[in-house]
Amino acid sequence: MLRNVLRLYNSQTVGCCPLITSQTQTRRLLECRRTYSSATSERKKFYQDVSISQGEGGVFEINLDRRKLKTPGGKLFTVPNEALATAVATEWDVQRDTLKFYTMHMTTLCNTALDNPTQRNKDQMIEASLKYLETDTICYRVEEPPGLVQLQKNEWDPVMDWIEKRYNVVIGSSSNIMGPTIPEETKDTFRQHLASYNFWALTGLEYVITQLKSVILSFGLIDQHLTVEKAVQLSRLEEEFQIHHWGNVEWAHEYDLQELRSRTVAGTLFVHLSSESATMKRKLLQDLEFPLPRKPTIKTPLLSKHSHH
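Its first residue numbered 1428, the sequence shown is counted upward by one per residue in this note's numbering.
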């Protein structure tokens, strides 16, 4: 499963927007978007070597030549473990003459966790994620055409059955525009589950939820019940059905699909690298053959315990 996640992540080259979903702070949100939006951002490359150094408190820093990387908010860019630092350093290493920030998903998610641009705490992030349960993609069913009705039943019902048994909850589905009524007990169960994640992992998980528009599919993905390809396919079921019957603009469809996969993979990998034990993180990167810097321009070790500046 995780090998598949990482393979997909390494193959994606399009779009990643930062995680900013607060609905109550419009002004701050707009300011954050101006600061963090990277959908079309590019910049001439200004460094040759990428390395990692371990700073005070055991955190890891990214060095571009002799410069320490900083966040858009001006903070020193630090991550809690070596595995996540390796993922970020690799993103900076594989950039060529032009930095394409919209391909640097892990960096963007780290920036969001570090700067916390909407100034939310864990409880607020959890509640924001739970709101998606009320409008969850696979809870809304159509009444026609018959082909799509059957497709939703065949594809979505097994996932719904799985999550209800896995968490001992009741969710249900509805063809009513208002959607199903989610029991408070179900919300409380999911609230407790989300609270078990640390702030960094919640940042990634909420990001996955916003991409798939589904708490159910996101839990299935993070719990390794679903692959990335399957989760994305299920989140786009109706759209793919329409495309199959009516055709599509090929380049637009492929771009949207790859972009969604790219973001979903990044968020999933971010959750795992932010959650696992230190030993598990190192093993994960080794087992998945994470592509360490491989360009001939790299002159310094990717990981050095002490970096001189």
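Backbone N, C-alpha and C fix where the C-beta goes; we use that ideal spot for every residue, glycine too.
Reference residue i, options the options, closest by Cα
i	options	result
residue 1616	1493, 1593, 1487	1593
residue 1471	1519, 1622, 1667	1519
residue 1687	1591, 1530, 1627, 1700	1530
residue 1662	1682, 1671, 1635	1635
residue 1507	1632, 1670, 1626	1626
residue 1599	1562, 1483, 1538	1562
residue 1632	1494, 1595, 1700, 1491	1700
residue 1621	1702, 1505, 1475, 1478	1702
residue 1500	1540, 1595, 1480, 1490	1540
residue 1689	1669, 1667, 1672, 1655	1655
residue 1485	1495, 1492, 1505	1505
Contact belief for residue i with residue j at Cβ below 8 Å, rounded distance in angstroms
i	j	result
residue 1696	residue 1642	Wrong, their Cβ atoms sit about 19 Å apart, outside the cutoff.
residue 1691	residue 1638	5 Å
residue 1608	residue 1597	Contact flag wrong, Cβ pair sits at about 10 Å.
residue 1526	residue 1469	6 Å
residue 1533	residue 1515	5 Å
residue 1565	residue 1583	4 Å
residue 1512	residue 1487	4 Å
residue 1629	residue 1549	6 Å
Burial state of residue i, where buried means 16 or more other Cβ atoms lie within 10 Å
i	result
residue 1473	exposed
residue 1503	exposed
residue 1579	buried
residue 1510	buried
residue 1544	buried
residue 1601	exposed
residue 1681	exposed
residue 1480	buried
residue 1547	buried
residue 1490	buried
residue 1478	buried
residue 1538	buried
So, do the region 1570-1578 and the region 1640-1657 have three or more beta carbon pairs nearer to each other than 8 Å? no
Under 8 Å, with one C-beta from each stretch per pair, do the region 1600-1619 and the region 1543-1562 reach the 3-pair mark? yes
Start-end ranges of the alpha helix (DSSP H) lying completely within the region 1532-1576, minimum 4 residues: 1532-1542, 1549-1561
At what residue ranges does the region 1566-1632 contain a whole run of the alpha helix (DSSP H), taking only runs of 4 or more? 1573-1593, 1611-1622
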